[in-house]
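Notes follow the structure.
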């Protein structure tokens, strides 16, 4: 039961252009959504998050959009830079009885071409 | 401010041996989470602990796996009698509170021969 899905395993974008990474979820009980970036042989690094009561959050070059009716969120990176090349994971948080748990998508490998 | 520390970074075990993975949370964090990542997959939640308590172990296999977070010292993920299917990257994360963001360590890559 894949509650969080990233349907694009990979994405290639030209340097300076916009990168758009997408994520879909099925569980309405998620209260927070997060994006993590991961380089090979390292742990995921937190990028940006959004509460389920918001529809947009912006931090520098990174903006996350949430469409609750469509159960869809996206991460926009503009302008894209070579250092942005990494695997990006979408994660959804669920809180149950005093515990929090993150459910991750499968990841999208972003490659920024010079 | 040091981040989440995990050791060892790489661990090789033969089938049937025990694997012990350690995680030291960020300073001031008392909530620890363990995740497993199989090749070409996302991270899967295993267990959530606070000091001396297991809060949620719904993602832990029922046998051979155990976790602890003692009053003093790091959190330990223990895998007894390892099998080849246990080969994966194991990530630990910590948070300041239940509402706060989880920050991840660099992971331990376990290879079972």
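Protein chains in written order, with this note's numbering: chain A, -4 to 109; chain B, 5 to 117.
Glycine residues also receive a C-beta, built at the ideal position from the N, C-alpha and C atoms.
Given a cut-off of 8 Å, decide if residue 76 of chain A and residue 10 of chain A are closer than it, judged by their beta-carbon atoms.
-> yes
Which value, in whole angstroms, describes the spacing of the CA atoms of residue 19 of chain B and residue 45 of chain A?
-> 43 Å
Would you mind sorting residue 21 of chain A into buried or exposed? The rule is 16 or more other CB atoms within 10 Å of its CB.
-> exposed
Against chain B: residues of the segment 31 to 59 of chain A by CB proximity under 9 Å = 31, 33, 36, 37, 38, 39, 40, 41 and 44
Measure the alpha-carbon distance for residue 51 of chain A versus residue 29 of chain B and round it to whole angstroms.
-> 30 Å
Neighbourhood of residue 29 of chain A by C-beta, 6 Å cutoff - its chain only, sequence neighbours within 5 removed | 44 and 86
On a CA-only basis, which of A/-3, A/16 and A/91 is nearest residue 106 of chain A? Give me that one, please.
-> Distance from the Cα of residue 106 of chain A is smallest, within the candidate group A/-3, A/16 and A/91, for A/16.
Could you give the residue range of the beta strand (DSSP E) that holds residue 116 of chain B?
-> 112 to 116
So is residue 11 of chain A in contact with chain B if we call contact Cβ pairs under 8 Å?
-> no
Pull up the distance between the alpha-carbon of residue 84 of chain A and that of residue -2 of chain A, whole angstroms please.
-> 13 Å
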